[in-house]
Every structure is written in structure tokens, then in C-alpha cells.
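Novice: One structure is given below, represented as C-alpha cells, and several questions about it will come after.
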Amino acid sequence: MRADAVEEFTAYVAACSPRMRRTAFLLCGDWQRAEDEVQTALVKLYLSWDRVRARRSLDSYVRTTLVRALIDERRRPWRREQPHAVVPDRPAAEPMGMEDRLTVRAALALVPQRQRAVLVLRFYDDCDVAETARVIGCSEGTVKSQTARGLARLRELLAICEPAPADCPEG
Amino acid sequence: MPDVITMLRAAIDEEPPLGFDAAHVLARAKRARRRRAGIAGLGVAGALALSLSVVLPGVATARGTATIEPAAFTLVEHANGTATLTMNPGVLLKPGALRRDLRRDGIPAQVTVARFCTSRPSPAGFSRVVTGQRSAPDTMTIHPAAMPPGTELSFGYFRLTAGRETGQETVETLINTGSYGCDKTAPIGWPGQGHRVLVHGDIVAGITSR
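Laid out in C-alpha cells, this is it:
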């Protein structure tokens, strides 16, 4: 690889590593595993660097590698879509405290993996439905249904986990 | 409580320092590229050998070839509760893998790349928790039963460069769980107590233990 390409690569790694690690952490709940998976994704990026460096969205390439590695495909169940009531969310009244953050992370860890990935991509990484579908490798309809189910499950778990993360059911 | 999407967006406000840097990723990536090139070369050689065997039946064909990636470390748990950790200095360390294996054997540990975490003052008892011999500097015996309550091991792994020379340094010490700081500097000659430094490579090879 040419020196300028190496320089570009290392600059990209330095810039993207922190936010990719945060995404990975929300998906797996373990900072060390998150670091390992981010490094593995970045190594794959390097191996394809000459081909993908011109793309506008390197983040998308790394995010796809990362998310697919963290989703356990063997546990993907086929589920029929079922209608369910949507509970409207209230706007935030005040900034979240540490206890709320611990609670939401504990609850998120209990959401099924693919639903968790959809929630993290859409609401933490701000990916739209099409990008989320592309990253996960599913249809946009699946993303929408998984979003609804994931939010519903997260709300249920938050109701159980509140006020303390220790109240969460075992995963 | 705020709505669930707002909570999700604000789920992280604090995080540990990044345990790797771009140079570490680049070094791993270059190794991966070399490994891939090697495997591709074996494939070409195998195909060539096969074609030769068709043309020249008297030429022996290559036997089945497997590529085994060397491990960065080996951890063996013993019946008496101790564990023997042997580092392979020529292989880049995956910190999460070492941490997971240590925890599996009942040894709580922080493993960091390009950073080293310490408590000030260091908890006492490191020399009872980690023992080794100068004749086998890559190998250490860990005695988890000797770890004071509320402590864990801290492993720091650094890649060293000086001009064109390269090397690796691993540093171990005891830290207080939840009360430690991490530093980017490889602590060669660090004057604290209760730690072990192991340096490999072109730069210098040796071990110091306090």
C-alpha cells in the first residue's frame, strides 16, 4: 500500500475508532469485546482499502462488518409480524442521570440481538431505514418491524428494570 | 423517566480510554495482509503441484496443508488454582481474548493496548500474585487466591519503535478495581513498586521485577 494510502487509513482509524467502539459496546455490552470487534473490522477495511477508500461512506463499510460480526446469525429466529399497540413516548423532561443510563444499557442487553442492532443503528447511529437494512442485510420492511418490536421490548424491560438495573431479569 | 429513544441516544456518557491506537491496528492489518498473501501463495503452489502430478505422475504432490495462526498467549489452569500464562512476543495481542480467558480462570484483569492502568498507591501483594523465573521471562504463574479483595491484574501491552527497530513491552501490576488511571506511556524504568516489565524485540530484551 502506498504511503499516502497508509496515512489516510491511519487517520481514518484514529477518527472513527471511538464512535465505532461505542456502537459495538451498545451491541455487546462489553468494552473489551467492542474493542476487539472494532479492530477486526478495521483490519478487514485495510485489506480492502484500495477498493473502498474512494467510497463516500467508509463508516458504512466498517459498521456493516462490525454489526454483522456482533449479530449471532445462528440465533436468528423467523417470526411472523404481529400487530401490537404503540405506546407514545414522552419528551425528555430533564437530562438522564447515571442510574437511568445504567438501566437503559442493562435493558438493551436483554433485547434480542437483531432488534438491538436495529435500535442502536437507527437511534444511536442515526442510520435511516434503508442504511440499517443494508448494514444488517435484510429488507426495509424487516427493519421497520424489528424497530417496533425492539422498542416495545425495550419499554417492557425498562419498566421491569426501573428503578435499579439489578432488578432486570437474567439474560 | 425520559422516552425510550432519548434514553437510548444518551445511553453512554462515560467510557474507558481507548485501548488501542491506529498504529496497533495498522500493524495487525499488515500481518493479516502478509498472512493472506502467504495462504494465496500456498494455494498457487498447491495448484501447481497438482498440475505437475497430472503431467508427471512420478512427482510427489503436496500433502494437505493447514495454516495455523500462532496464539499471542497460552493460559493453562492448574488443579491447585494457579494459572500459567505464557506470552508469545512475536504475535500481536488481542486484549479482549486475554481478558476473557483470565476471567474464565477466575482472574479479574484489565488488559490494555498502548495504555497501562495503575492505582496510586499500588495495592500490596503483587509479588505473591505473579511469580516467574528469569530463565523463562515469557512465562508467569498467577496465584488468584493471593489477590487482595477488590483488586485485579492490569496488563499493559505496547509496541515499541526506535528508528527501524521494533519490539513489544508487556507490563503487569495489581490495581484497585474501580480506582485506577491509565497512561499512554510505556513505563520502562517506572519507579513504582509491585510491577513486572517484559521487553522483547530488536531494541532490548530483558525483564525487571520489583
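Protein chains in written order, with this note's numbering: chain H, 6 to 176; chain D, 1048 to 1257.
For every residue, glycine included, the Cβ atom is placed at its ideal position computed from N, Cα and C.
(1) Just to confirm, is the Cβ distance from Lys1231 (chain D) to Arg1162 (chain D) under 8 Å?
(2) Could you have a look at Thr1224 (chain D) and say whether DSSP puts it in helix, strand or coil?
(3) Between H:Asp9, H:Val48, H:Tyr129, which has its C-alpha nearest Phe1067 (chain D)'s C-alpha?
(4) Taking DSSP as the reference, what is the three-state secondary structure of Ala1183 (chain D)?
(5) State buried or exposed for His1071 (chain D), treating a residue as buried only when at least 16 other CB atoms are found within 10 Å of its CB.
(6) Ordered along the chain, which non-local residues of its own chain (more than five positions away) have a Cβ less than 8 Å from that of Leu124 (chain H)?
(7) Counting beta carbon pairs with one atom in the stretch 1161-1180 of chain D and one in the stretch 1189-1197 of chain D, are three or more of them shorter than 8 Å?
(8) Anything in chain H within Cβ reach of Ile1154 (chain D), meaning under 9 Å, just list it in chain order.
(9) Thr1224 (chain D) and Pro1155 (chain D) look like a contact to me (Cβ under 8 Å); what is the Cβ gap, rounded to whole Å?
(10) Taking the alpha carbon of Glu166 (chain H) as the reference point, which residue from H:Gln120, H:Ala111, H:Arg73, H:Phe128 has its own alpha carbon closest?
(11) Along chain H, in chain order, which residues have C-beta atoms closer than 7 Å to that of Pro1063 (chain D)?
(12) Below 8 Å, can you find three or more Cβ-Cβ pairs linking the stretch 1051-1070 of chain D to the stretch 134-144 of chain H?
(13) So with CB distances below 7 Å, who are the chain D contacts of Glu40 (chain H)?
(14) Nearest chain H C-beta to Val1158 (chain D) closer than 8 Å, yes or no?
(15) Checking the sheet assignment: what are the DSSP bridge partners for Arg60 (chain H)?
(16) Tell me the rounded alpha-carbon separation between Gln118 (chain H) and Ile76 (chain H).
(17) What residues of chain D sit near Leu156 (chain H), judged by a beta carbon separation below 8 Å?
(18) For Gln1157 (chain D), count the other beta carbons within 10 Å of its own beta carbon; 16 or more makes it buried, fewer makes it exposed. Which is it?
(19) From the DSSP output, in three-state form, read off Ile165 (chain H) for me.
(20) Check the C-beta distance from Leu71 (chain H) over to Val43 (chain H) and give it rounded, since I have them as a contact under 8 Å.
(21) Which residue's Cα is closest to the Cα of Thr28 (chain H): H:Arg68, H:Glu13, H:Thr15?
Specialist: Once the coordinates are examined:
(1) yes
(2) coil
(3) H:Val48
(4) strand
(5) buried
(6) Leu113, Val116, Thr152, Gly155, Leu156, Leu159
(7) yes
(8) Chain H residues near Ile1154 (chain D): none, gap ~14 Å exceeds 9 Å.
(9) 7 Å
(10) Rather than Glu, the amino acid found at residue 166 (chain H) in this sequence is Cys. Answer by Cα proximity: H:Ala111.
(11) Trp36
(12) no
(13) Gly1066, Phe1067, Pro1142, Gly1143
(14) yes
(15) In DSSP, Arg60 (chain H) forms no bridge with anything.
(16) 6 Å
(17) Val1051, Ile1052
(18) buried
(19) helix
(20) 6 Å
(21) H:Arg68
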